[in-house]
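The structure is reproduced here in C-alpha cells:
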C-alpha cells in the first residue's frame with residue numbers, strides 16, 4: 076500500500092488512478108498509519124487527489140484508527156478551502172475530536188468556525 080501513499084505524496088493522479096483500478100484495491104482501506112487514502116490526501120492538502128478518491132467512493136466521514144475524520148484533519152491543518160470542500164462533499168460538521176471536543180472548539184480560525192456552524196443550521 077506504500078505505492079498509494081507515494082502517489083498521493085507525489086500528487087500523481089495518473090498513478091493513483093492506475094493503482095486504484097487494480098483488483099483488490101479499495102479506496103477506504105487504511106494504507107499508512109491506520110489512515111485511509113483520503114485522510115492522507117487531506118493531511119497533504121491535496122484537494123485534487125481528494126476529489127479523485129471521493130469520486131471513487133471514499134467516505135468523507137470515515138474515521139481513521141485515531142478517530143479523526145478527514146474534516147477533523149482539515150480543521151487541524153487550518154485549511155478552510157478543504158473544510159468547505161469536505162462539507163460540500165457531505166462531511167458531517169457535528170463531529171468531535173478524539174479528545175471529545177466539538178469540531179468548532181478545536182480551531183481558532185473564525186472562517187472555519189463559521190463554515191461549521193452554517194452547515195448545522
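Residue numbers (the numbering used here): 76 to 196. For every residue, glycine included, the Cβ atom is placed at its ideal position computed from N, Cα and C.
Residue from the options with nearest C-alpha to residue i
{"i": "residue 101", "options": "86, 79, 119, 122", "result": "79"}
{"i": "residue 112", "options": "185, 167, 137", "result": "137"}
Same chain only: Cβ atoms within 6 Å of residue i, ignoring 5 sequence neighbours per side
{"i": "residue 130", "result": "none"}
{"i": "residue 164", "result": "129, 135"}
{"i": "residue 153", "result": "184"}
Spatial distance of residue i from residue j (CA atoms)
{"i": "residue 172", "j": "residue 132", "result": "24 Å"}
{"i": "residue 122", "j": "residue 106", "result": "18 Å"}
{"i": "residue 91", "j": "residue 183", "result": "34 Å"}
{"i": "residue 127", "j": "residue 97", "result": "15 Å"}
{"i": "residue 193", "j": "residue 84", "result": "32 Å"}
{"i": "residue 119", "j": "residue 185", "result": "22 Å"}
Terminal residues of the alpha helix (DSSP H) in which residue i lies
{"i": "residue 118", "result": "112 to 118"}
{"i": "residue 125", "result": "122 to 130"}
{"i": "residue 180", "result": "It is not in any alpha helix (DSSP H) - residue 180 carries neither H nor E in the DSSP assignment."}
{"i": "residue 164", "result": "Unbroken run through residue 164: none, as it is neither H nor E."}
{"i": "residue 88", "result": "88 to 95"}
Beta-carbon gap between residue i and residue j smaller than 8 Å
{"i": "residue 88", "j": "residue 115", "result": "no"}
{"i": "residue 145", "j": "residue 190", "result": "no"}
{"i": "residue 103", "j": "residue 134", "result": "yes"}
Same chain, Cβ closer than 7 Å to residue i, neighbours up to 5 away in sequence not counted
{"i": "residue 142", "result": "173"}
{"i": "residue 149", "result": "117, 157, 158, 161"}
Own chain residues within Cβ distance below 8 Å of residue i, not counting five before or after
{"i": "residue 140", "result": "105, 108, 109, 110"}
{"i": "residue 94", "result": "78, 79, 82, 100"}
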